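In mature numbering (1 follows the signal peptide of the UniProt record, and there is no 0), the protein residues as written are -26 to -1, 1 to 612.
So, in structure tokens, the structure goes:
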């Protein structure tokens, strides 16, 4: 009897689990169909990877699901190019939706009435569209709403007084619309950001809103005194100009001395605080790509960013074929981690709100005008090759120049070769097969770059930190064509910069031959495991090219190769061939260097023709028999 009861209990449990699982699957499938119905009933100019046979939670752009992947909770689709009236009975079926961002599109028509079904919304971003008409009178369905941004549309009518029922609201932006009438008494203690500027509002500012700055009400038919926050309580006057004229008193010398000392201390404290803030902003590894405003200023400054991003001359420009949807404001708001500070600027890893991760390079020392900058970006942005990292977007303004690339989790070749070297545990050696693929892919990428713009395009800054691995494990070149846009490097820096060809004194005038030199240095770096310029533990700095030339000249070729490569059998001949090729690429005379097409062919033939293992004596004799350029001094003092 007990056994039968246990069987029924187990069977019931299995049945219950199956029912729950089926129900959970049904929820996400319903959400998926709602998204597909939405996409199928609205025009859009940017492609989205929303396919019926793919998983909505893991692959669809702009879609974020709950942790258990049972419901769609966030939808971020800014700047996708949606146009036309909002399709009804589509997104309103996403009953678990908490965040909806449809900024910077071209939706028209009235506010979607069926949004009232989205009772779990906490953030709604509809700014910078073409919506018009009045807002719903009843905002009670969105009782959990904390952020509401409807700015830069054509909404009119009065601001519904029911907005005050949104007791969790922290940010409200209704600027740049056509709202009229008086401002309702929005007495919400949690409200921290407010912008009602540039409407047709009249009357006075309610007392509950007078804590906000005057710019939040500019551009309306409201007198400035009503729009200005109330003055502070009167205090005893401290300035002589505010004393009654008949009661003027002469300050004593001790009092004057105290005022002077106090002023000096105050000024010193302010300067020290500014220096500390600058240092903390400069050195913080977790920051924004572009400095973010503080809470009290954020509404105003975000509005400026949005207007800039929409302006034809100040916007984030995307290249064709890039399907991710984000805009300048997303970059401003993204949490960013500094990946490195290089020749041309600081590189950040930027995590956007839709979980997209990008690399944003903030350029410095850009000397060319906007037109020349944009022309160069257009040339680089059109490159599509397996071994050249595509430029996804760029931004140009007077104060900021940004370029956007994909993020590569493995990191650069420089990090792969040199990070944690010598620390023992935790380091993963780079095998010979990987190094050979890096060399081949990088050469292919440079060769393709040299065919662009009528053969006039060069990379100009080839180095291991600008090379990554593509999906097949081959070298993948980044930062193409930036050198011509920048100030030339100062001579002291250029002399010690290990990848730069000796004839290049102005970095803006790089040539195909100087790219070949940089590639040759990279080949030597892959073979030796040493940085192009590295310290010896003393005040001396060793130049890799000079060191390799000297070691080979002294017939100690086997000492050149990275000790991490010694564990791999039957690769000595291949390493020797790459060494010969690398040394020919770094020949001092540019006209004696091989063409990039010849370098590609030689690298591709290394693995095809070689087999067997040879003793080190053969290695010495083969390299020594190759005509060598006259080596420079091994060591140069820094």
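No residue lacks a Cβ here, since even glycine has one placed at the ideal position from N, Cα and C.
Predicted model, so just to flag it, every value in this text is computed and none were measured.
By DSSP's assignment, residue 57 forms a beta bridge with 17 and 80. With a beta-carbon spacing of about 27 angstroms, residue 130 and residue 164 fall beyond the 8 angstroms limit used to define contacts. Between the region 542 to 561 and the region 400 to 413 there are three or more inter-stretch CB-CB distances shorter than 8 angstroms, so the stretches are counted as touching. The bridge partners DSSP lists for residue 320 are 315 and 336. Three or more pairs of CB atoms, one per stretch, sit closer than 8 angstroms, so the region 553 to 570 contacts the region 491 to 501.
By DSSP's assignment, residue 507 forms a beta bridge with 517. Counting only runs of at least 3 residues, the region 359 to 394 fully encloses the following beta strand (DSSP E) elements, listed from N- to C-terminal order: 367 to 370 and 375 to 380. As summarised for the region 126 to 202, the continuous beta strand (DSSP E) elements at least 3 residues long and confined to that stretch are 128 to 131, 145 to 147, 152 to 156, 167 to 169 and 174 to 176, given in chain order. Within 10 angstroms of the beta-carbon of residue 480 lie fewer than 16 other beta-carbons, which makes it exposed. Our two residues, residue 340 and residue 115, have alpha carbons roughly 51 angstroms apart in a direct line. Contact between residue 110 and residue 90 holds: CB atoms are separated by about 7 angstroms, below the 8 angstroms threshold. Non-local beta-carbon contacts of residue 384 in its own chain, meaning distances under 8 angstroms to residues more than five positions away in sequence, involve 390, 442 and 443 in chain order. Taking residue 135 as reference, the option from 120, 10 and 162 with the minimal CA-CA separation is 162. Residue 324 counts as buried, since at least 16 other C-beta atoms from the protein chains shown sit within 10 angstroms of its C-beta. In the DSSP annotation of this structure, the continuous segment of the beta strand (DSSP E) that includes residue 49 starts and ends at 46 to 50. In the pairwise beta carbon analysis, the region 305 to 313 is classified as not touching the region 448 to 460: fewer than three pairs are separated by under 8 angstroms. In this structure, DSSP gives residue 325 an extended state, which the three-state scheme calls strand. In the DSSP assignment, residue 402 falls outside any alpha helix (DSSP H), carrying neither H nor E.
Sequence-distant Cβ neighbours of residue 551 in its own chain, meaning closer than 6 angstroms and more than five residues away, are 580.
When the beta-carbon positions are compared, residue 82 and residue 47 stay at least 7 angstroms from each other. Looking from the CA of residue 176, the closest CA among 154, 393 and 338 belongs to 154. In summary, residue 79 is buried, with 16 or more beta-carbon neighbours lying within 10 Å of its beta-carbon over all protein chains present.
When rounded, the separation of the alpha-carbon atoms in residue 347 and residue 333 is 19 angstroms. Pairing residue 427 with residue 369, the inter-Cα distance amounts to about 22 angstroms. Within the same chain, Cβ atoms closer than 7 angstroms to the Cβ of residue 457 are found at 434, 435, 481, 482 and 484, the five residues on either side in sequence being excluded. Rounded to the nearest whole angstrom, the C-alpha separation of residue 160 and residue 195 is 19 angstroms. Assignment of residue 576 by DSSP, reduced to helix, strand and coil, places it in the helix class.
For residue 353, no beta strand (DSSP E) segment is defined; the enclosing uninterrupted segment is the alpha helix (DSSP H) at 344 to 355.
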